[in-house]
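Protein chains: 2
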Amino acid sequence: MDKNSDTLKLENQLCFPLYACSKEIVRRYKPYLDEIDLTYTQYITMMVMWEVKQINVKELGKKLFLDSGTLTPLLKKLESKDYVKRERSKHDERNLIVTITEKGEALKSKAVDIPEKVSACMTLSEDKAKALYSVLYEILDSME
Amino acid sequence: MDKNSDTLKLENQLCFPLYACSKEIVRRYKPYLDEIDLTYTQYITMMVMWEVKQINVKELGKKLFLDSGTLTPLLKKLESKDYVKRERSKHDERNLIVTITEKGEALKSKAVDIPEKVSACMTLSEDKAKALYSVLYEILDSME
DNA sequence: TATTATTAAATTGTACACAATTTAATTTTA
DNA sequence: TAAAATTAAATTGTGTACAATTTAATAATA
């Protein structure tokens, strides 16, 4: 390919549609997440908490691909809403243990319909969705 | 599917790997973009400028899926680096016309190798890359 | 044509996102 | 075991993102 003409066109990039698509879908979550007073990042954090109940910041960051610079203020906010509890591990005080609260557990029932509401606003066949899913994880795995 | 158990698991979301993958790839750009003193958003903006030479903020925003709240400060920064020129349209002063400068044009040659350097750090077959590309644009189109 | 509506950027405010540094705790090792 | 290295969060600083509002210019209309 002629390096000077095409490689730097937006339409020839793979990263750009990924970036744009991610943002646009996250934006579709907003009205539903507003109803339960969560941002998207807080929502995916709660998704982990609903599943594991308790986790430290490091492990949480690994699951979410986020670092403490993002998670520390976010977890403080979730704590102020009483959805999680933050406390240092007695065993190793470097670790901060995040634990879901009852109020956090209760929030789950309000969130359970959100994924289908969002996927309803974009038409994508089951097959393509599965293919997309597996390619994305393939990329994520290959980059680690 | 049992609503209360699986729909809210991170691993069952399509948006999450999209969000994570986008961020991780953008992060791979950083070391190369640092060398030419651009952020990723500035870089995709310059990609449009290399292609069209001149455009107003509204049209630029449409191409990049960004609004004036993001673009205004970003374009001011690109202007301060002398990569673009910002001036009101004489024909309609509501429009701000962004024009690439000579220095901006010259930057292209330094950026031309970046896409292949980034794609080198993730293994993805041509076929899968193409499939991914087309599904992403299908989603983007279906959401407009 | 004066008023109203619309449009395009800019501004404001909140929340990420992440690199780099700092702080404090724990391990390793000389 | 005391010093050095490592580790986990927190902090700092820069740069997005985007909703909502404001400002200024232009277009539509009563």
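As given, the protein sequences belong to chains A and B, one line each in that order. Start counting the first sequence at 1; every next residue gets the next number (the working numbering). Start counting the second sequence at 1001; every next residue gets the next number (the working numbering). All C-beta atoms, glycine included, are put in the ideal place defined by N, C-alpha and C.
Residue closest to residue i, alpha-carbon to alpha-carbon, out of the options
i	options	result
glutamate 35/A	Ser142/A, Lys110/A and Val57/A	Lys110/A
tyrosine 1040/B	Ile1097/B, Glu1024/B, Leu1096/B and Val1135/B	Glu1024/B
glycine 1069/B	Met1143/B, Val1057/B, Met1049/B and Ile1100/B	Val1057/B
proline 31/A	Lys128/A, Cys121/A and Tyr133/A	Cys121/A
leucine 1010/B	Leu74/A, Leu64/A and Asp6/A	Leu64/A
alanine 1106/B	Gln1042/B, Arg1028/B and Trp1050/B	Trp1050/B
leucine 1038/B	Lys1077/B, Leu1018/B and Ala1020/B	Lys1077/B
isoleucine 1114/B	Asn1012/B, Leu1033/B and Gln1013/B	Leu1033/B
glutamine 13/A	Asn1012/B, Tyr1029/B and Lys1081/B	Tyr1029/B
glutamate 79/A	Ile97/A, Asp92/A, Lys90/A and Ser89/A	Ile97/A
leucine 66/A	Asn1095/B, Tyr1019/B and Glu1116/B	Tyr1019/B
aspartate 1006/B	Asp127/A, Lys108/A, Asp92/A and Asp6/A	Lys108/A
Where residue i meets chain B, residues with beta-carbon distance less than 7 Å
i	result
leucine 136/A	Pro1017, Leu1018 and Cys1021
lysine 108/A	Leu1008
Residue i, enclosing beta strand (DSSP E) - first and last residue
i	result
leucine 1078/B	That residue, leucine 1078/B, is in no beta strand (DSSP E); its alpha helix (DSSP H) goes 1068-1080.
Beta-carbon proximity of residue i to residue j, cut-off 9 Å
i	j	result
methionine 47/A	leucine 1008/B	yes
lysine 1103/B	tyrosine 1083/B	yes
glutamine 1042/B	isoleucine 1100/B	no
valine 1026/B	cysteine 15/A	yes
cysteine 1021/B	isoleucine 139/A	yes
valine 1135/B	leucine 124/A	yes
tyrosine 1137/B	proline 17/A	yes
arginine 1088/B	leucine 1075/B	no
alanine 131/A	alanine 1131/B	yes
Enclosing alpha helix (DSSP H) for residue i [first to last residue]
i	result
valine 84/A	Here valine 84/A belongs to no alpha helix (DSSP H); instead the beta strand (DSSP E) covers 84-88.
glutamate 126/A	126-143
aspartate 1034/B	1015-1035
valine 118/A	114-120
Counterpart residues of residue i in DSSP-defined beta bridges
i	result
valine 98/A	Ile55/A and Arg86/A
Cross-chain neighbours of residue i in chain A, by beta carbon under 7 Å
i	result
valine 1048/B	Leu10
isoleucine 990/B	Absent from the structure is residue 990/B, since the part of chain B shown begins at 1001 and ends at 1144.
valine 1052/B	Here the premise fails: no neighbours, minimum Cβ distance about 10 Å.
Contacts that residue i makes with chain B (C-beta to C-beta distance below 8 Å)
i	result
glutamate 102/A	Within 8 Å Cβ-Cβ: nothing; glutamate 102/A doesn't reach chain B, min ~16 Å.
lysine 63/A	Leu1010
leucine 55/A	The displayed chain sequence assigns isoleucine, not leucine, to residue 55/A. In chain order: nothing, as chain B lies at least about 12 Å away.
lysine 128/A	Val1135 and Glu1138
valine 26/A	Cys1015 and Tyr1019
Closer than 9 Å at the beta carbon, the chain A residues around residue i
i	result
proline 1115/B	Thr7, Leu8, Asn12, Gln13, Leu14 and Cys15
leucine 1124/B	Leu14, Val135, Glu138, Ile139 and Ser142
Cross-chain neighbours of residue i in chain A, by beta carbon under 8 Å
i	result
alanine 1131/B	Ala131 and Val135
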